[in-house]
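Novice:
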Amino acid sequence: MVTLAHFIFLIITVTGIYGYPQQDGILEQINLGTKQLQHSNVIPQSLTESVQKIKNITDAKQKSEMVCRACEMVAGNVISLRKSLADRDTMIDYLKKLCNVYTDFGPIACEGYVNLDVDTVLFVIDYRANFTPARFCSIRLQEYQCIDPQAEPWVIPLPPPSQLASESATSNKTTDSKPLNILHLTDIHYDALYKHGSDAQCKEPLCCEEGTPSKPENAAGYWGDYNCDTPLEAIEDLLKRINDKHKNIDLIYFTGDIVSHKSWATSIQSNRESIRLILQFFNKSFPNITIFPILGNHESHPSDYFSPLNALFTNVTTEWIFDLAADEWIKWLPIETQSTIINGGYYTVLVKPGFRVVALNSNVCFSSNLWLLYDDKDPFNQLLWLVKVLAQAEQNNEKVHLLSHIPPGELTCHKQWSNQFAKIVKRFSKTIVAHFNGHTHTDEFRLFIEDDQVINIAFNGASFTTFKTFNPNYRMYEVDNNSLVVSDYDQYIYDLKQANKNSGTPPQWYKLYSFKDAYGLKDLSFPSLKSLYDKMTSNGSNNALVEQYYKYAGKMSEVYLSVPCDIKCKKQMICFISSVEANTSFNC
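Using mature numbering (1 follows the signal peptide of the UniProt record, and there is no 0), the letters of the sequence shown map in sequence onto residues -19 to -1, 1 to 569.
Have a look at this one:
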């Protein structure tokens, strides 16, 4: 998830620039120090001292103000250097110094990130009309609510409600017909370079690929490590376990992220090889089951980037990922999905009369997608297409399952895209039955609430990768065959620490919980979910449901749970459940 755009972000956050009473003096030192780095390999002591002085300031309002002002200064220096006709090599040198000074990535990762991302950065600076520091900061650091006074709002037109629209999906009468069993896999993050026994406590952002551990407990385990991505043996075991345990799977939702987190060293070739390998494993393991796959933000190269479709972008294009997806997914999808996959990585399929799957490429809204800086207005016209598909589904009285890698309301989803998406969901809340997401690696859900009623739900399938601090999981949904409402789901995990103690035998998978049983629900209807939400928001920090939700979020990982969830943490979790727009998530 980390790209060159993170460098300026980390200048401000990782090192602790959160706010300080003497703001102007601190900012001046940051500005001067950053400029001095253009001409010197020596880190200005005044810059280091300024960072240290303000490291522990935590006032939220002051922090946001400081972050945004500092961001504009640093971004301004980068833009000005390029506008002064600095060549590519000069920009690479400067950006590497910024990375090494202000982040903890280390020299290897810094060199990789800069070399991969520099051409896109330079393209945006060179060709985006009136590209300003404020534009950069308002998009890249939107969680701090930085303001771009020149930002141009955009709106996706919505049709008026149809008189033919059925009542809310949850009010449809269920029958005794056989339910659908849907497997949800997400965030595999296969590491082709994973090496058993290598150093799991390295200095790079992702470990377990090389090096000798300083002590035995720091060695990469056979089945994985909490600091690392996924070895092939673990993926093979996952698929074997599912095949052995679940004989009645009807459909599979795969919500993205096959490629590892080693984003500073990807290539089109390595990403393509990983994607093809894992999809081949899926096909071999489930030869007679339809799989609905979507892209994760890590599938592209450089990671997170999704460039516009235009011949102008030949040296920075990411169109290859759409072509690959179209070629690989055709084994499961109808031929008519090819055009939208090639043009943006999204598609729709009528599974059976009355049941439609819509698969989005929500990665375009990710704030690390540097192409948002070039043009943020509905990339690939995807939301406009979504409205047309949902309007037709409404007319045909179809129920829709919506697949999307990035969940609604994510802080790092561009707020304009997030806002328009939420409006679309609310408009078509009687057509969309449920969302299925990934990306965050946490077991969580989000509720769309309007007029004090739940009108939609988004389920996050968590992750199979253990990066970072998580146990691996997969999920099985039981879905009513008529209303297409999720009746219940079972979450399956294993304890990675225990599995590595017995590396000679397969991991001991077990059912962590059933949603209905865990939360004491008779069903997953919208009224029942609203009742659950009300219970979770009562009783403050003593709420047992919230404590349980926290444990499930980390999938009972000992490492994850080693950090207690205090009152602030619990309030934030509850806040996120009902925040389905980035603008409201800011308040959490």
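All C-beta atoms, glycine included, are put in the ideal place defined by N, C-alpha and C.
Please state the DSSP three-state secondary structure of residue 537.
Specialist: Sequence index remark: in the sequence shown, residue 537 carries index 556 (1-based). Looking at residue 537 - three-state DSSP - the assignment turns out to be coil, as it is neither helix nor strand.
Novice: Mark residue 544 as exposed unless 16 or more other C-beta atoms lie within 10 angstroms of its C-beta, in which case mark it buried.
Specialist: The residue labelled residue 544 in the question sits at position 563 within the sequence shown. Exposed, because fewer than 16 other Cβ atoms sit within 10 Å of the Cβ of residue 544.
Novice: Can you pull the DSSP bridge partners for residue 473?
Specialist: By one-based count along the sequence shown, residue 473 stands at place 492. According to DSSP, which records beta bridges pairwise, residue 473 is partnered with 455 and 492.
Novice: Whole angstroms is fine: what's the gap from residue -17's alpha carbon to residue 167's?
Specialist: Along the sequence shown, one-based indexing puts residue -17 at 3. Along the sequence shown, one-based indexing puts residue 167 at 186. Any answer about residue -17 is weak, because its pLDDT of 47 lies below 50 and its placement is not dependable; what the coordinates show is given next. Residue -17 and residue 167: Cα-Cα distance of roughly 22 Å.
Novice: In whole angstroms, give me the CA-to-CA distance for residue 16 and residue 473.
Specialist: Taking the sequence shown and counting its residues from 1, one reaches residue 16 at position 35. Taking the sequence shown and counting its residues from 1, one reaches residue 473 at position 492. Roughly 52 Å separates the two Cα atoms.
Novice: When you compare the CB positions of residue 201 and residue 177, do they come within less than 7 Å of one another, or not?
Specialist: Start at 1 with the first residue of the sequence shown, and residue 201 comes out as number 220. Start at 1 with the first residue of the sequence shown, and residue 177 comes out as number 196. Against a cut-off of 7 Å, the Cβ pair of residue 177 and residue 201 comes out as a contact.
Novice: For residue 438 versus residue 403, is the C-beta spacing smaller than 7 Å?
Specialist: Along the sequence shown, one-based indexing puts residue 438 at 457. Along the sequence shown, one-based indexing puts residue 403 at 422. In this structure, residue 403 does not lie closer than 7 Å to residue 438 by Cβ.
Novice: So the candidates are 418, 457 and 526; which of them puts its Cα closest to the Cα of residue 389?
Specialist: Here residue 389 refers to the residue found at position 408 of the sequence shown. Comparing Cα positions, the closest option is 418.
Novice: Going straight from the alpha carbon of residue 288 to that of residue 530, what length do you get?
Specialist: Counting from 1 along the sequence shown, the entry for residue 288 is found at position 307. Counting from 1 along the sequence shown, the entry for residue 530 is found at position 549. Computed Cα separation, rounded: 37 Å.
Novice: Roughly how many whole angstroms lie between the Cα atoms of residue 333 and residue 467?
Specialist: Stepping through the sequence shown from its first residue, residue 333 is reached at position 352. Stepping through the sequence shown from its first residue, residue 467 is reached at position 486. If I take the Cα positions, the gap works out to 17 Å.
Novice: Between which two residues does the alpha helix (DSSP H) carrying residue 575 extend?
Specialist: Nothing can be reported for residue 575, as the shown portion of the chain is limited to -19 through 569.
Novice: Which same chain residues, not among the five before or five after residue 125, have their C-beta less than 7 Å away from its C-beta?
Specialist: Counted from its first residue, the sequence shown places residue 125 at position 144. Once the five neighbours on either side are set aside, the close Cβ partners of residue 125 are 45, 48 and 49.
Novice: With H, G and I counted as helix, E and B as strand and the rest as coil, what does DSSP make of residue 530?
Specialist: One-based indexing of the sequence shown puts residue 530 at position 549. Helix at residue 530.
Novice: For residue 382, which beta-bridge partners are listed by DSSP?
Specialist: Counted from its first residue, the sequence shown places residue 382 at position 401. Answer by DSSP bridge pairing, in chain order: 338 and 415.
Novice: So, helix, strand or coil for residue 429, using DSSP?
Specialist: Translated into positions along the sequence shown, residue 429 becomes position 448. It is a strand residue.
Novice: Check for me: the beta strand (DSSP E) holding residue 439 runs from which residue to which?
Specialist: Counted from its first residue, the sequence shown places residue 439 at position 458. Residues 434 to 442.
Novice: Out of 94, 553 and 565, point me to the one whose CA is closest to residue 286's CA.
Specialist: Indexing the sequence shown from 1 puts residue 286 at position 305. Nearest C-alpha to residue 286: 94.
Novice: Could you pull out every residue in the same chain whose Cβ sits closer than 7 Å to the Cβ of residue 89, ignoring the five residues on either side in sequence?
Specialist: As a first step, residue 89 must be located in the sequence shown, where it is residue number 108. Here the set comprises 185.
Novice: Could you tell me which of 369, 384 and 383 sits nearest to residue 377, measuring between CA atoms?
Specialist: Along the sequence shown, read from residue 1 onward, the residue named residue 377 stands at position 396. Comparing Cα positions, the closest option is 369.
Novice: Using 8 Å as the Cβ pair cut-off and three pairs as the minimum, do the segment 508 to 517 and the segment 246 to 256 touch?
Specialist: No contact exists between the segment 508 to 517 and the segment 246 to 256.
Novice: According to DSSP, is residue 394 part of a helix, a strand, or is it coil?
Specialist: What you label residue 394 is simply residue 413 of the sequence shown in a count that begins at 1. Three-state result, residue 394: strand.
Novice: If you count every other CB in all the chains shown that lies within 10 Å of the CB of residue 485, and 16 or more means buried, which is it?
Specialist: If you number the sequence shown from 1, residue 485 lands on position 504. Exposed, since its Cβ has fewer than 16 Cβ neighbours within 10 Å.
Novice: Extract the residue ranges of the beta strand (DSSP E) inside the segment 88 to 138, only unbroken runs of 3 or more that lie entirely within it.
Specialist: As far as the segment 88 to 138 is concerned, it has no whole beta strand (DSSP E) run of at least 3 residues.
Novice: Where residue 294 and residue 349 are concerned, what is the direct C-alpha to C-alpha distance, given to the nearest angstrom?
Specialist: For the purposes of this step, residue 294 is taken as residue 313 along the sequence shown, with counting starting at 1. For the purposes of this step, residue 349 is taken as residue 368 along the sequence shown, with counting starting at 1. The alpha-carbon atoms of residue 294 and residue 349 are separated by roughly 18 Å.
Novice: Determine which residues share a DSSP beta bridge with residue 347 and list them.
Specialist: Indexing the sequence shown from 1 puts residue 347 at position 366. Residue 347 pairs with 394.
Novice: Rounded to the nearest angstrom, how far is the Cβ of residue 233 from that of residue 275, given a contact under 8 Å?
Specialist: What you label residue 233 is simply residue 252 of the sequence shown in a count that begins at 1. What you label residue 275 is simply residue 294 of the sequence shown in a count that begins at 1. About 12 Å separates the two Cβ atoms, so there is no contact after all.
Novice: Tell me the rounded alpha-carbon separation between residue 14 and residue 97.
Specialist: On the sequence shown, position 33 is the one that residue 14 refers to. On the sequence shown, position 116 is the one that residue 97 refers to. Their backbone Cα atoms lie some 25 Å apart in a straight line.
Novice: In whole angstroms, what is the alpha-carbon distance linking residue 442 and residue 57?
Specialist: As a first step, residue 442 is located in the sequence shown; it is residue number 461 there, counting from the start. As a first step, residue 57 is located in the sequence shown; it is residue number 76 there, counting from the start. Approximately 40 Å between the Cα atoms of the pair.
Novice: How is residue 70 classed by DSSP in three states: helix, strand or coil?
Specialist: Counted from its first residue, the sequence shown places residue 70 at position 89. If DSSP states are grouped into helix, strand and coil, residue 70 belongs with the helices.
Novice: Does the distance from the C-beta atom of residue 106 to that of residue 51 stay below 7 Å?
Specialist: Residue mapping note: residue 106 aligns to position 125 of the sequence shown, counting from 1. Residue mapping note: residue 51 aligns to position 70 of the sequence shown, counting from 1. No.
Novice: Here's the rule I'm using: 16 or more other beta-carbon atoms within 10 Å means buried, otherwise exposed. How should residue 322 be labelled?
Specialist: In the sequence shown, counting from the first residue as 1, residue 322 sits at position 341. Looking at its Cβ environment, which holds 16 or more other Cβ atoms inside 10 Å, residue 322 is buried.
Novice: Among 291, 299 and 326, which one has its Cα closest to the Cα of residue 306?
Specialist: Along the sequence shown, one-based indexing puts residue 306 at 325. Checked all of 291, 299 and 326; the closest Cα to residue 306 is 326.
Novice: What are the uninterrupted segments assigned as beta strand (DSSP E) that are 3 or more residues long and contained completely in the segment 206 to 237, given in chain order?
Specialist: Taking only runs of at least 3 residues, the beta strand (DSSP E) segments lying wholly in the segment 206 to 237 are 232 to 235.
Novice: Output yes or no for whether 7 Å exceeds the beta carbon distance between residue 329 and residue 345.
Specialist: Along the sequence shown, read from residue 1 onward, the residue named residue 329 stands at position 348. Along the sequence shown, read from residue 1 onward, the residue named residue 345 stands at position 364. Contact flag unset, no.
Novice: Determine the burial state of residue 69: buried for a count of at least 16 other Cβ atoms within 10 Å of its Cβ, exposed for fewer.
Specialist: What you label residue 69 is simply residue 88 of the sequence shown in a count that begins at 1. Exposed: under 16 other Cβ atoms inside 10 Å.
Novice: Tell me which same chain residues have a C-beta within less than 6 Å of the C-beta of residue 493, skipping the five on either side of it?
Specialist: Counting from 1 along the sequence shown, the entry for residue 493 is found at position 512. Only 472 and 474 meet the Cβ criterion.
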